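Count along the sequence shown from 1, add 120, and you get the number used in the numbering used here. The structure appears right after this line, and notes come after that.
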Amino acid sequence: MCGVIAWIGQPGSTPDRAVIERASARMHHRGPDGHGLSQSGHVALGHQRLAIIDLAGAVQPMEHPSGLRLTFNGEIYNFRSLRRRLQGLGHSFRLDSDTEVLAAACAQWGPDAVNELEGMYAFVVDDPNRDLVWAARDPLGQKPLYACDERFFPDAKWLFVSELKAVIPEAKLSLNRLAAIRFLAYDFVPDDDGIYAGVQKLLPGELWCIQRSSPGAPKRRRFFSLHPDEVIHHQPSYLESLEQHLDRAVQRRLVSDVPLGVFLSGGIDSSLITALAVRHREPSTLKTFAIGFEEESFDESDHAQIVADHLGTDHHCKIINAQ
């Protein structure tokens, strides 16, 4: 995971770089491999990097030759096929990085680039050519992104950030009473509410567009949603199709320039994912991890060990006790 922050001020104002630096530093645990800050007029982007792909390059925030700038947390699994498409449209690349491909996709298609992505992500784009600052969150909401207005952060018109605690010391804290009531009822804050007034969560599969030259209310739209009421009639071919899709999904998630691991509980789901992973990786190079308990009635680590032995992975188990 990485940490992102984006400051959108009033045109003519200057973002407070010291505040952004302090906020980024509070997200060091999200990205210990590098730090960057980029400012253009009243818009500033910050980034804390956890390097997964193209370890030496792909420094963020990244600037495209068009002038577009990007701060990005996540992975784009189909970046290599997107790269080939974009090369056919005239784009050139100097890195082997999904970040560079994402920047080119955003330059080519603007906010509609989200329709081309397969991955888990949260990112903010400063796009002067389109007079937009826009932000997006992946379809299943794997990566977090908060939007804060002037009620929460008076120094900026809008602030996007991966973690609220990064900016709380500089924020104006006022409890969102409705969100607090819902938290007490559900043990979490549902929908897009934030626990503080002036804070909203980008919903899974949601896109926010803010006019750069006059940053007022955002235009929001969902570019992806599930339809749980849709009836799927069983067909024998579905099992084969499901295996193909799942195998492809696992294979795409194995693209990495650092060692890979799988959380292996020994249950059906994690065992299946591990079995598919060893189709595409030498089993002895794939690390699997499990947690066990000294209390035997809670411990299922032996199931994980059986699966790991069968598949030949480099297995590691941590035993937890009451202390």
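Using N, Cα and C, we set each Cβ at its ideal position, and we do this for glycine too. Nothing here was measured: the structure is a model prediction, and the numbers come from that model.
For my contact list, Pro416 and Ser385 are in at a C-beta cut-off of 8 Å; report their separation, rounded to the angstrom.
Reading the sequence shown from its first residue, position 296 is the one you call residue 416. Reading the sequence shown from its first residue, position 265 is the one you call residue 385. Per the sequence presented here, residue 416 reads as Glu, with Pro not at that position. Not quite, the Cβ-Cβ distance comes to about 16 Å (not below 8 Å), so this is no contact.
Contact the stretch 300 to 316 vs the stretch 352 to 370: 3+ CB pairs below 8 Å:
no
Nearest candidate by alpha-carbon position, reference Glu270, set Arg146, Gly318, Leu322, Thr394:
In the sequence shown, counting from the first residue as 1, residue 270 sits at position 150. Checked all of Arg146, Gly318, Leu322, Thr394; the closest Cα to Glu270 is Gly318.
Is Ile196 near Val378, with beta carbons less than 8 Å apart?
What you label residue 196 is simply residue 76 of the sequence shown in a count that begins at 1. What you label residue 378 is simply residue 258 of the sequence shown in a count that begins at 1. The answer is no: Cβ separation not under 8 Å.
Along the chain, where does the beta strand (DSSP E) that runs through Ser201 open and close?
Walking along the sequence shown from the start, residue 201 turns up at place 81. Premise fails: Ser201 lies in the alpha helix (DSSP H), 199 to 208, not in any beta strand (DSSP E).
Which residue wins for smallest C-alpha separation from Thr261, given the options Thr191, Asp136, Phe243?
Taking the sequence shown and counting its residues from 1, the one referred to as residue 261 is at position 141. The residue you asked about is not Thr; residue 261 is Gly in the sequence shown. With distances taken between Cα atoms, Gly261 lies closest to Phe243.
Can you tell me whether His430 is buried or exposed, with buried defined as 16 or more other CB within 10 angstroms of its CB?
Residue mapping note: residue 430 aligns to position 310 of the sequence shown, counting from 1. Counting Cβ neighbours within 10 Å, His430 comes out exposed, since fewer than 16 surround it.
Verify the contact flag: Glu420, CB atom, against every heavy atom of the ligand FAD, threshold strictly below 7 Å.
This structure does not include the ligand FAD; it has no bound ligands of any sort.
As an exercise, report each continuous beta strand (DSSP E) stretch of at least 3 residues that is fully enclosed by the stretch 308 to 361, in chain order.
319 to 321, 326 to 331, 339 to 342
Considering only DSSP beta bridges, list what Phe383 is partnered with.
Here the question's residue 383 lines up with position 263 in the sequence shown. Paired residues: Phe409.
Is DSSP giving Phe272 helix, strand or coil here?
Residue mapping note: residue 272 aligns to position 152 of the sequence shown, counting from 1. In the structure shown, Phe272 sits in coil (DSSP, three-state: anything other than H, G, I, E or B).
Can you give me the start and stop residues for the alpha helix (DSSP H) that Thr394 sits inside?
Residue mapping note: residue 394 aligns to position 274 of the sequence shown, counting from 1. Here the alpha helix (DSSP H) through Thr394 covers 388 to 400.
Cutting at 6 Å between CB atoms, please list the residues of its own chain near Thr433, excluding the five before and the five after it.
In the sequence shown, the residue the question calls residue 433 occupies position 313. Taken in chain order, the residues that qualify are Pro403, Leu406, Thr408.
Check whether the Cβ atoms of Ile128 and Trp278 lie closer than 8 Å to each other.
In the sequence shown, the residue the question calls residue 128 occupies position 8. In the sequence shown, the residue the question calls residue 278 occupies position 158. Contact flag set, yes.
Can you give me the C-alpha to C-alpha distance between Leu190 and Glu183, rounded to a whole angstrom?
As a working mapping, residue 190 is identified with position 70 in the sequence shown. As a working mapping, residue 183 is identified with position 63 in the sequence shown. Spanning the two alpha carbons is a distance of roughly 6 Å.
N-terminal and C-terminal residue of the alpha helix (DSSP H) that His430 is part of
Taking the sequence shown and counting its residues from 1, the one referred to as residue 430 is at position 310. 421 to 431 is the span of the alpha helix (DSSP H), which, as asked, contains His430.
Compute the Euclidean distance between the alpha carbons of Leu380 and Asp275, then round it to the nearest angstrom.
The residue you call residue 380 lines up with position 260 of the sequence shown. The residue you call residue 275 lines up with position 155 of the sequence shown. Taking the straight line joining both Cα atoms gives about 41 Å.
Where does the unbroken alpha helix (DSSP H) through Arg302 begin, and where does it stop?
Here residue 302 is taken as the residue at index 182 of the sequence shown, counted from 1. Arg302 -> alpha helix (DSSP H) spans 297 to 306.
Same chain, Cβ closer than 6 Å to Gly166, neighbours up to 5 away in sequence not counted
In the sequence shown, counting from the first residue as 1, residue 166 sits at position 46. Closer than 6 Å at the Cβ level, and outside the excluded window around Gly166, lie Ile125, Ile140, Ser144, Leu157.
Around the C-beta of Pro231, are 16 or more other C-beta atoms found within 10 angstroms, so that it is buried, or is it exposed?
Looking up residue 231 in the sequence shown gives position 111. Flag for Pro231 reads buried.
So Ala225 and Leu202 are supposed to be a Cβ contact under 8 Å. How far apart are they, rounded?
Along the sequence shown, one-based indexing puts residue 225 at 105. Along the sequence shown, one-based indexing puts residue 202 at 82. The pair is a contact, with the Cβ atoms about 6 Å apart (cut-off 8 Å).
Nearest CA to the CA of Leu252: which residue from His155, Arg204, Pro335, Ser391?
As a first step, residue 252 is located in the sequence shown; it is residue number 132 there, counting from the start. Comparing Cα positions, the closest option is Pro335.
Is it true that the CB of Asp258 sits closer than 8 Å to the CB of Met240?
As a working mapping, residue 240 is identified with position 120 in the sequence shown. As a working mapping, residue 258 is identified with position 138 in the sequence shown. Yes, these two residues count as a Cβ contact at 8 Å.
Could you tell me how far apart the beta carbons of Asn249 and Ser186 are, in whole angstroms, since I believe they sit closer than 8 Å?
Translated into positions along the sequence shown, residue 249 becomes position 129. Translated into positions along the sequence shown, residue 186 becomes position 66. Indeed, because the Cβ distance is near 6 Å, the residues count as touching under 8 Å.
For Gln228, I'd like the list of residues in its chain whose CB is within less than 8 Å of its CB, leaving aside the five on either flank, ordered along the chain.
Taking the first residue of the sequence shown as position 1, residue 228 is located at position 108. Same-chain partners within the cutoff: Leu206, Leu209, His211.
Which partner residues does Ile440 have in the DSSP bridge list?
For this step, residue 440 is matched to residue 320 along the sequence shown. Ile440 is bridged to Phe413.
Continuous alpha helix (DSSP H) assignments of at least 4 residues falling wholly in the stretch 182 to 251:
199 to 208, 218 to 229
So, for Gly325: in the same chain, excluding its five sequence neighbours on each side, which residues have a beta-carbon less than 8 Å away from its beta-carbon?
Working through the sequence shown from its first residue, we reach residue 325 at position 205. Answer for Gly325: Arg257, Asp258, Pro259, Leu260, Gly261, Arg342, Phe343, Phe344, Ser345, listed in chain order.
Can you give the Cα-Cα distance for Pro356 and Leu366, rounded to whole angstroms?
Residue numbering aside, residue 356 sits at position 236 when the sequence shown is read from its first letter. Residue numbering aside, residue 366 sits at position 246 when the sequence shown is read from its first letter. Their backbone Cα atoms lie some 17 Å apart in a straight line.
Which residues bound the alpha helix (DSSP H) around Val139?
Locating residue 139 in the sequence shown gives position 19, where the first residue counts as 1. Where Val139 is concerned, the enclosing alpha helix (DSSP H) stretches over 137 to 145.
Could you please give the first and the last residue of the uninterrupted beta strand (DSSP E) stretch that includes His148?
Working through the sequence shown from its first residue, we reach residue 148 at position 28. Careful: His148 lies outside any beta strand (DSSP E) and carries neither H nor E.
Could you check how far apart the C-beta atoms of His435 and Gln425 are, in whole angstroms? I think they sit under 8 Å.
Position 315 of the sequence shown, counted from the start, is the residue given in the question as residue 435. Position 305 of the sequence shown, counted from the start, is the residue given in the question as residue 425. About 7 Å separates the two Cβ atoms, so the contact holds.
Based on DSSP bridge pairs, tell me the residues matched to Phe280.
Translated into the one-based positions of the sequence shown, residue 280 becomes position 160. Answer is Ala126, Ala267.
In angstroms with no decimal places, state the Cα-to-Cα distance between His400 and Gln371.
Taking the first residue of the sequence shown as 1, we reach residue 400 at position 280. Taking the first residue of the sequence shown as 1, we reach residue 371 at position 251. Cα-Cα distance, rounded: 7 Å.
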